[in-house]
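Residue numbers (the working numbering): 2 to 240. For every residue, glycine included, the Cβ atom is placed at its ideal position computed from N, Cα and C.
Spelled out as structure tokens, the structure:
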């Protein structure tokens, strides 16, 4: 991506002022590359095929186990791993870092407006111990949504300051809860024409795909993008 200018950074600064103007501090954020997307887990989307029951989760663990250096200790931790590998699950990703959400709101498609959503989470049930939690069907532990911190579970979730909401099926909501959607607030709409400017501003602040995805493959892809878009004299060493 070409070099940034002061106006790019000012865009990000204006966004942070908007974040600071919120009435409460207990907010989490989610970036949508398309502003008309709903804040619902990928497993609930039309035609989605993923992990919605224990047998499918067991099959995933068998496939993934030989390639995981630090093994998840609970079913829910395995589900987090699957979620961050792009497999549809009953989890929905959020972040406590508003700039991370802004980054995701500025991704492809380049011709669609993005959006940053916020949700107040102070009253949510928080999953501190996940060993006996059924991730698929509602039980007696809690009603509605539950909040799970992703920090420390894997490198990617830690880099993104990740939190997740667990959306379990119940008799009243066999497809998962929907009541929370009324509380989701669109903090900012990102016009398609300004996505590149916002991303340049974030890059100037040290936030890019290599940082957020925390793996060599993504870092190399970011370097290739730099090679493709920058002139030779713009490529400088990084300390």
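I need the DSSP call for residue i, collapsed to helix, strand or coil.
{"i": "residue 235", "result": "Because residue 235 sits at a pLDDT of 47, beneath the cut-off of 50, its placement in the model cannot be relied upon, and the following sentence gives the value as read from the coordinates. Reduced to three states, the DSSP call for residue 235 is helix."}
{"i": "residue 81", "result": "helix"}
{"i": "residue 195", "result": "helix"}
{"i": "residue 189", "result": "strand"}
{"i": "residue 37", "result": "coil"}
{"i": "residue 120", "result": "strand"}
{"i": "residue 46", "result": "coil"}
{"i": "residue 138", "result": "strand"}
Could you give the first and the last residue of the continuous beta strand (DSSP E) run that contains residue i?
{"i": "residue 163", "result": "163 to 167"}
{"i": "residue 8", "result": "Segment 7 to 21 is the alpha helix (DSSP H) holding residue 8; no beta strand (DSSP E) there."}
{"i": "residue 131", "result": "Per DSSP, residue 131 belongs to no beta strand (DSSP E) and is neither H nor E."}
{"i": "residue 93", "result": "92 to 96"}
Spatial neighbours of residue i within its chain, please: C-beta separation below 6 Å, excluding the five flanking residues on both sides.
{"i": "residue 95", "result": "29, 31 and 164"}
{"i": "residue 99", "result": "20 and 30"}
{"i": "residue 89", "result": "43, 44, 49 and 51"}
{"i": "residue 140", "result": "none"}
My understanding is that residue i touches residue j, with C-beta atoms under 8 Å, so please give their C-beta distance in whole angstroms.
{"i": "residue 111", "j": "residue 196", "result": "6 Å"}
{"i": "residue 221", "j": "residue 116", "result": "About 30 Å separates the two Cβ atoms, so there is no contact after all."}
{"i": "residue 215", "j": "residue 157", "result": "5 Å"}
Would residue i and residue j qualify as a contact pair, given that the criterion is a beta-carbon distance under 8 Å?
{"i": "residue 125", "j": "residue 146", "result": "yes"}
{"i": "residue 243", "j": "residue 120", "result": "Outside the shown range of the chain (2 to 240) lies residue 243, about which nothing can therefore be said."}
{"i": "residue 45", "j": "residue 177", "result": "yes"}
{"i": "residue 182", "j": "residue 166", "result": "no"}
{"i": "residue 193", "j": "residue 118", "result": "no"}
{"i": "residue 122", "j": "residue 38", "result": "no"}
Residues in the same chain with beta-carbon distance under 7 Å from residue i, minus the five sequence neighbours each way, listed in chain order, please.
{"i": "residue 105", "result": "32 and 34"}
{"i": "residue 225", "result": "none"}
If you follow the alpha helix (DSSP H) that residue i is part of, which residue opens it and which one closes it?
{"i": "residue 214", "result": "210 to 214"}
{"i": "residue 222", "result": "217 to 230"}
{"i": "residue 58", "result": "55 to 65"}
{"i": "residue 106", "result": "99 to 106"}
Tell me which same chain residues have a C-beta within less than 8 Å of the C-beta of residue i, skipping the five on either side of it?
{"i": "residue 82", "result": "65, 69, 73, 154 and 155"}
{"i": "residue 138", "result": "169, 170 and 171"}
{"i": "residue 203", "result": "13, 100, 103, 104, 107 and 209"}
Would a check of beta-carbon distances place residue i closer than 8 Å to chain B?
{"i": "residue 112", "result": "In summary, chain B is missing from the structure at hand, where a single protein chain is found."}
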